[in-house]
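Asker:
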Amino acid sequence: MSEPFELELTVNGTPRTVRVAPLRRLLDVLREDLALTGTKEGCGEGECGACSVFVDGELVNSCLVAACQVEGCDVRTVEAPDLGNVQAAFLEEGGAQCGICTPGMVLAVQAFVDEWAARGREPDDVELRAALAGNLCRCTGYEKILASARTALRRARP
Amino acid sequence: MAARDNHGTGAPWDDAFRVVGQPLRKVDGLAKATGQALYADDVQLPGMLHAKILRSPHAHARIVSIDASAALALPGVHAVITGADLPIRYGVIPWTPDENALAVDKVRFVGDEVAAVAAVDEDTANAALDAIEVEYEPLHAFLDPREALATPEPQIHADIRGKPVRGNVSKHVELEFGDVEAALAGADLVLEGEYSFHGSTHAPIEPHCAVAQVSADGLLTLWSSTQITHYVHRALAQVLELAPERIRVIQPCLGGAFGGKSDPFALEFCVALLAQRTGRPVKMLWTREEVFYAHRGRHPMQMQYRCGAKSNGRITGVDARILIDGGSYSSFGLVTTYYSGQLLTGPYDFPSYRFDSTRVFTNKPPCGPKRGHGSVQPRFAFEVQFDEVAERLGIDPIEIRRVNFQGDDTQTVNGQRITSNGFLRCLDLVEEASGWKQRRGQLPYGRGLGVAGSMYISGTNYPVYPNDMPQAGIQLKLDRSGVVTVFTGGNDIGQGSNTVVRSIVAEELGVAYDHVRVVAADTDLCPVDLGAYSSRITFMVGNATIDACRKLRHQIVTALAEAWEVDPRRIRLMEGRAFDVEDPDRTVPTREAFQVAEARFDTLGSTGSYNTPQLGGDYRGGTIGASPAYSFTAHVVEVDVDVETGIVRVPAAWCAHDCGRALNPTLVAGQIEGSTYMGLAEALLEEHGVNRFGLHRGPSLLDYRMPTSLDVGDIHAMIVESVDPEGPYGAKEAGEGPLHGSIPALANAIHDAIGVRLRHLPFTPGTVLRALRDQGGKGEGAAVGSTAAATSKREAR
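Keeping their order, the protein sequence lines are chains A and B. Position 46 of the first sequence, counting from 1, maps to 46 under the numbering used here, and the rest follow consecutively. Just so we're on the same page, the numbering used here is the position in the second sequence counted from 1, plus 158.
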């Protein structure tokens, strides 16, 4: 059960194979085995969202996902090459203070933008706040993160 | 040290700033947004071991024996250390060294560190912790500060620095300015009330982390999530008995601190010693639960206040008695005890003032400095009582704050020098933006507005350990490529201090913003700075940066004037170019100007320093709380109270903050928003407390109830620029002041909404419902008056 296995997955568009214990956290696979340290550990128990990544398009807490659950999956992290719109919005709006929540927030905002870019109406304030409610920030009071999300959505619209 | 004397408050070249005042991007913004920024936990070294700490399950106990032999025998375990290996006590305040990295003889709270293990991985280290046998002899645990005050035995600390401790009293300060009793006797109204502040903690999203490596030549390098690199350097030298020149401390990118990473922590000493013992790099990352137990958060305080006022609203005197629950160690407690009284003497004029503050030890996680160190709790009590004074006298709560304004260029009753003071402007802004005049008292039952004012220090002239050297130092290096590298010991903890330094250099030397590199918080590379506490970096490091730049600028201008054979006053360095102001066609890129200067003066570099002027009252403790400049803040908070559930929502808060000059308005607004959020969060949701066994009530972010984006309302940040004569270009602090007023403004808004005075934090739904139930019953003081107000509001509805 706990014997290491050959985990095959796609990370940021590149096929990767790593030999890991089946219950190793995806967070550790990314940070330690694949040296993708952009994904952060804030609590290790699924409460802060700093370790958010996409697994097959779903935003998940990578500290709660075991290696054996992502066999053959498509994983996207903050190091993915196609997040420039959201990252630029954070830079311009001052969305990052200490920055430890920022990688997770960038992905949460990307999920929000993906969901809302094609819709015919603007999200209201509660819909926007709800989209980011799985990611905690201790620095900003969320104001400038919300501003970053609005800017990113505006620019993603056709 | 002459920095403050020679730069003035205006733009360096003429009337207009080019860089300062612009909402420029953070120096590390892109690295953070792309995940490239490196934090302590991102440091991975070949052969690195992982360390874990064994913690006490008892709140107070004698250690009878420790047997680590079984742990050491486990495969993959490289070393185990205990208190016997690190016997030297330390403490961030040099007068109160009462901590050991690992407990010696006894433990003082659940979570106190007992032993540390280095192993090949975290799982092995955790297994080793389970294999360590510790025999304890439990002692009576003090969990109530009143009991600790009244009961001298058993002592939590018998002696500190060779001096016996009196019972369980950590620090007592009693100061009186003017004759308070006479002032109260001469008042038309005297209110007396009891207030309490529960505990709260910083909870930065990055847990504490440290990595140590010992090189072949014996140099110990420590990467740590500290906000005060210099103190960690000193403490390591002291505890490890290692010469300071054999230690290098580096603060990588830091994932939030808020005061919670100001003390030297056990993990820093443990990884250092374990690296020495094993010859391999060692990392320790605390779990979220460990961060809660490490704490150093806001002290619980029980406060009695008396305030006397004339019928026109003018305060005659204020009298405070405060019991401070310090938890198990001193930490910054000596300063906290002073701050609990010393920082209340603005923005209002107190003709007389007395405070009597006692900090006691209890067997709980140690308290320390959290954003607004020591002064947030008294500010809550006073501003709520002051609101009640206004109500009793029939004066508008904003108006009574205007009436008592102390003015600028003045001195407080306790001898603090006030320079600029933009408090009236702050009041005007929040009054207007919140629609105070039209809406207060007119909102339906359950909704209300409240106001509060506050002040805070821009650094302090009490430098923690006394010495005659500068508090802040800067080194500059000019490169022929046109790049300027600035070396600062200042700790950028997310507040953006490196960005401020970069902006000042770009402004002063006229180089492009992104041609300035900032190297910070590395004790081998950077001159000493006292770190990120007391809201000192923008003010002190900013002044030191200007000082360093002016020296280099003089050389560049002189060299260019000689080369062009013009008066040096005609030379300007701006926006990446040097030019002759009377013949603008005569211009070169700053890079070429640097080369001309280097040819003339040899290799180019400079240093700059800042130290505070002599400040403070002429009495024991008079320098604690003395600052070269004070910031001022006004808050208006709007609440929506659900009287069925007791849930209080804050749909909007307005905060106007006098930061002197906003060197970067985006950063200043970010500090105002973050501070206001943090205050409202600890007032409404968060609580750091222990149960009857000394166990933390909820050592996780969920149980601690840290707010999500859905729990926070709109925060409107407004900047007031009073242009302080002492600050860099007139700047003052912005990182802590804007927290203070948020909590009492919330309490005052709840009173406006439902007519009850809440004097005891936190304002949980249960507290609110109880207060509503008791309304009109046995409520204290003005409760009778407030019931009347509530009744009339109900009728109006």
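All C-beta atoms, glycine included, are put in the ideal place defined by N, C-alpha and C. No experiment lies behind these values; they were computed from the predicted model shown.
(1) Identify, in the order they occur along the chain, each residue of the same chain with its Cβ nearer than 7 Å to the Cβ of valine 686/B, setting aside the five sequence neighbours on each side.
(2) Taking leucine 843/B as part of the alpha helix (DSSP H), name the residues at either end of that continuous run.
(3) Roughly how far, in whole angstroms, is the beta-carbon of proline 886/B from the beta-carbon of histidine 815/B, given that I think they are within contact range, below 8 Å?
(4) Does the Cβ of proline 624/B have 16 or more other Cβ atoms within 10 Å, making it buried, or fewer, making it exposed?
(5) Under 9 Å, do threonine 192/B and glutamine 87/A count as touching if we go by C-beta distance?
(6) Which residues of chain A have a Cβ atom closer than 8 Å to the Cβ of lysine 184/B, listed in chain order?
(7) Helix, strand or coil for arginine 517/B per DSSP?
(8) When you compare only the Cα positions, how much space is there between lysine 40/A and valine 659/B?
(9) So if DSSP puts lysine 329/B in a beta bridge, which residue, or which two residues, is it bridged to?
(10) Between the stretch 127-141 of chain A and chain B, which residues of the former have CB atoms less than 9 Å from a CB of the latter, in chain order?
(11) How is the alpha helix (DSSP H) around glutamate 665/B delimited, first residue to last?
(12) So, under 8 Å CB-CB, glutamine 829/B and glutamine 653/B are touching, yes? Tell me the CB distance rounded to an integer number of Å.
(13) Between alanine 195/B and alanine 189/B, is the Cβ-Cβ spacing less than 9 Å?
(14) So, at 8 Å on beta carbons, what are the nonlocal neighbours of arginine 19/A in its own chain, with the 5 sequence-adjacent residues on each side left out?
(15) Are the beta-carbon atoms of leucine 492/B and tyrosine 777/B separated by less than 9 Å?
(16) For glycine 608/B, count neighbouring C-beta atoms within 10 Å of its own C-beta (all shown protein chains included) and say buried if the count is 16 or more, exposed if not.
(17) Check whether chain A comes within 9 Å of glutamine 194/B, counting only Cβ atoms and requiring the distance to be less than that.
(18) Could you list the residues in the stretch 871-890 of chain B with a C-beta less than 7 Å from some C-beta on chain A, going in chain order?
(19) For glutamine 87/A, which residues in chain B fall below 8 Å Cβ to Cβ?
(20) Can you give me the Cβ contacts of alanine 907/B inside the same chain, cut-off strictly under 7 Å, excluding the 5 residues immediately before and after it?
(21) Is the distance from the Cβ of glycine 357/B to the Cβ of histidine 218/B below 9 Å?
(22) How far does the beta strand (DSSP E) with alanine 478/B in it extend, from its first residue to its last?
(23) According to DSSP, is leucine 431/B part of a helix, a strand, or is it coil?
(24) Name the residues in the stretch 61-81 of chain A whose C-beta lies less than 8 Å from a C-beta of chain B; which are they?
(25) Mind checking if threonine 824/B is an interface residue toward chain A, Cβ cutoff 9 Å exclusive?
(26) For the stretch 429-450 of chain B, which residues have a beta carbon sitting closer than 8 Å to at least one beta carbon of chain A?
(27) Would threonine 703/B and alanine 892/B qualify as a contact pair, given that the criterion is a beta-carbon distance under 9 Å?
(28) Within its chain, find whatever has a CB closer than 8 Å to the CB of threonine 309/B; leave out the 5 residues flanking it on each side and keep chain order.
(29) Quick one: grab the DSSP three-state call for glutamate 350/B.
(30) Considering only residues of the same chain and omitting the five flanking positions on each side of serine 693/B, which have a CB-CB separation below 8 Å?
(31) Indicate whether at least one CB of chain E lies closer than 9 Å to the CB of alanine 111/A.
(32) Does the beta carbon of methionine 698/B come closer than 9 Å to any beta carbon on chain A?
(33) Anything in chain B within Cβ reach of alanine 156/A, meaning under 9 Å, just list it in chain order.
(34) Could you list the residues in the stretch 353-366 of chain B with a C-beta less than 9 Å from some C-beta on chain A, going in chain order?
(35) So, for alanine 341/B: in the same chain, excluding its five sequence neighbours on each side, which residues have a beta-carbon less than 8 Å away from its beta-carbon?
(36) Please determine if the stretch 545-562 of chain B and the stretch 354-374 of chain B are in contact, where contact requires at least 3 C-beta pairs separated by less than 8 Å.
Answerer: In terms of the structure at hand:
(1) His388, Gly631 and Gly647
(2) Here leucine 843/B belongs to no alpha helix (DSSP H), and DSSP marks it neither H nor E.
(3) The pair is not a contact, with the Cβ atoms about 17 Å apart (cut-off 8 Å).
(4) exposed
(5) yes
(6) Leu91, Gly94 and Ala96
(7) strand
(8) 27 Å
(9) Arg517/B
(10) Leu128, Arg129, Ala130, Ala131, Leu132, Ala133, Gly134, Asn135, Leu136, Cys137, Arg138, Cys139, Thr140 and Gly141
(11) 655-667
(12) 6 Å
(13) yes
(14) Pro4, Phe5, Glu6 and Leu7
(15) no
(16) buried
(17) yes
(18) Ile873
(19) Leu188, Ala191 and Thr192
(20) Gly606, Leu607, Gly608, Val795, Glu796 and Val797
(21) no
(22) 473-483
(23) helix
(24) Thr77, Val78 and Glu79
(25) yes
(26) Leu443, Thr445 and Arg446
(27) no
(28) Phe300, Gly325 and Asn326
(29) strand
(30) Tyr614, Ile615, Ser616, Gly617, Ser789, Glu891, Ala892, Gly893, Glu894 and Gly895
(31) Looking at the structure shown, chain E is missing, and the protein chains on hand are A and B.
(32) no
(33) Residues of chain B passing the Cβ test: none, with the nearest at roughly 16 Å.
(34) His360, Ala361, Pro362, Ile363, Glu364 and Pro365
(35) Gly466, Thr474, Gly475, Pro509 and Ser510
(36) no
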